[in-house]
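Step one of this worksheet: look at the structure below.
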Amino acid sequence: DSGVTQTPKHLITATGQRVTLRCSPRSGDLSVYWYQQSLDQGLQFLIQYYNGEERAKGNILERFSAQQFPDLHSELNLSSLELGDSALYFCASSVGTGGYYGYTFGSGTRLTVV
Amino acid sequence: GIQVEQSPPDLILQEGANSTLRCNFSDSVNNLQWFHQNPWGQLINLFYIPSGTKQNGRLSATTVATERYSLLYISSSQTTDSGVYFCAVVSIYSGGGADGLTFGKGTHLIIQP
Numbered sequence: 005d006s007g008v009t010q011t012p013k014h015l016i017t018a019t020g021q022r023v024t025l026r027c028s029p030r031s032g033d034l035s036v037y038w039y040q041q042s043l044d045q046g047l048q049f050l051i052q053y054y055n056g057e058e059r060a061k062g063n064i065l066e067r068f069s070a071q072q073f074p075d076l077h078s079e080l081n082l083s084s085l086e087l088g089d090s091a092l093y094f095c096a097s098s099v100g101t102g103g104y105y106g107y108t109f110g111s112g113t114r115l116t117v118v
Numbered sequence: 060g061i062q063v064e065q066s067p068p069d070l071i072l073q074e075g076a077n078s079t080l081r082c083n084f085s086d087s088v089n090n091l092q093w094f095h096q097n098p099w100g101q102l103i104n105l106f107y108i109p110s111g112t113k114q115n116g117r118l119s120a121t122t123v124a125t126e127r128y129s130l131l132y133i134s135s136s137q138t139t140d141s142g143v144y145f146c147a148v149v150s151i152y153s154g155g156g157a158d159g160l161t162f163g164k165g166t167h168l169i170i171q172p
C-alpha cells in the first residue's frame, strides 16, 4: 500500500457520460497530481494541485476538470466521455512542489468507455 | 518541453541475468525517478535520484546530471522483475512550483524462467 488511495479501481461507462475519480493523498502530502496512461499517448501529466490551489496544467482536455478540497483529497471529473478516454488514470502525491520531492502513485482507476 | 528517451524499448532475459536500462533527458532536472509498472498496472517507485548513486537490494541506479542521463541496474533478475520500467523527470525550468513529471516511453522487460 503506497498510502495514496484511488477509487474506484475500475469503471465502465457509456460514451457521453460523466464520471468522477477520487484520490486521497498520502498523509502529510500537500500536492496532488493526475496522470493518464493510454496505449497511444503513454503516461501524461494532466493537472497539479497544491494545498487546494491549481498549480499547473498539462495535457488536460477541456472536458476534464479537477479540484482539491480542504481535506486535501482530490477529484478528477471527466465529462462527455469518448471511446478514446478509455485509459488508466493515476493520482500521485508529494510533500511539496518544485520537483524536489519524490512522488508516490496510487494504484489507478481503469476507465473503460463503451 | 523536456524530452525523455529510454533504451532499449524491449528486453528479454533469462532468469539470473543482469541488465542495464538507460534514460537520457534533454534539460537539467531537479527530480528524476525510476518506476516499475507491474503486470497489474501498479506504478511502484524504485528510486528518487536526481543525481548520484543509490542501491536497494538487487537494484541500483546512477544519475549523471551533468551529462543528462540515468542508468538503472538490475542484477540476478527474477521473473517478478518483469514489467515496464519508466524514467520520469521534472525540468529545472518548470516554474511557479509546477512540477508534473514527464515520462519516457519505458523499457518493457521480460524475464523468462
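Protein chains in written order, with the working numbering: chain W, 5 to 118; chain A, 60 to 172.
We treat Cβ as the ideally placed atom computed from N, Cα and C, and that holds for glycine.
My understanding is that residue i touches residue j, with C-beta atoms under 8 Å, so please give their C-beta distance in whole angstroms.
i: A/Y144; j: A/T122; result: With a Cβ gap of about 15 Å, A/Y144 and A/T122 do not count as contacting.
i: W/G110; j: W/C27; result: 6 Å
Measure the C-alpha to C-alpha separation of residue i and residue j and round it to an integer number of angstroms.
i: A/Q92; j: W/V118; result: 34 Å
i: W/T108; j: A/P172; result: 31 Å
i: W/W38; j: A/S78; result: 31 Å
i: A/P67; j: W/R22; result: 39 Å
i: W/D33; j: A/A76; result: 38 Å
i: W/K13; j: W/L115; result: 9 Å
i: W/L43; j: W/S90; result: 10 Å
i: W/E66; j: W/L80; result: 12 Å
i: W/T113; j: W/C95; result: 9 Å
i: W/F68; j: W/L82; result: 5 Å
i: A/G60; j: A/L70; result: 28 Å
i: A/C146; j: W/I16; result: 30 Å
Taking a contact to mean a Cβ-Cβ separation below 9 Å, would you say residue i touches residue j in this structure?
i: W/S92; j: A/G142; result: Here the sequence assigns Leu to residue 92 of chain W, which means Ser is not the residue at that position. Cβ atoms of W/L92 and A/G142: not closer than 9 Å.
i: W/F49; j: A/G159; result: yes
i: A/L80; j: A/F94; result: no
i: W/A70; j: W/E86; result: no
i: A/L190; j: A/S150; result: Coverage of chain A is limited to positions 60 through 172, which leaves residue 190 of chain A absent and any answer about it impossible.
Between which two residues does the beta strand (DSSP E) containing residue i stretch?
i: W/R114; result: T113 to V117
i: A/H95; result: V88 to Q96
i: A/I133; result: Y128 to I133
i: W/V99; result: Element bounds for W/V99: n/a, residue is neither H nor E.
i: W/N81; result: S78 to L82
i: W/R30; result: Unbroken run through W/R30: none, as it is neither H nor E.
i: A/Y107; result: L102 to Y107
i: A/Y144; result: G142 to S150
i: A/F84; result: S78 to F84
With a CB to CB cut of under 7 Å and the five nearest residues on each side skipped, what residues in its chain are close to residue i?
i: A/I170; result: L72, E74, S136, Q137, T138, D140 and S141
i: A/Y152; result: D86
i: W/K61; result: I51
i: A/C82; result: V63, Q65, Y128, S129, C146 and G163
Let me see if you follow: with CB-CB separation under 9 Å, is residue i close to chain D or not?
i: W/S35; result: Checking the listed chains, one finds no chain D in this structure; the protein chains it contains are W and A.
Apart from the five residues on each side of it in sequence, which residues of its chain come closer than 8 Å, Cβ to Cβ, to residue i?
i: A/I103; result: F94, H95, Q96 and N97
i: W/S31; result: G7
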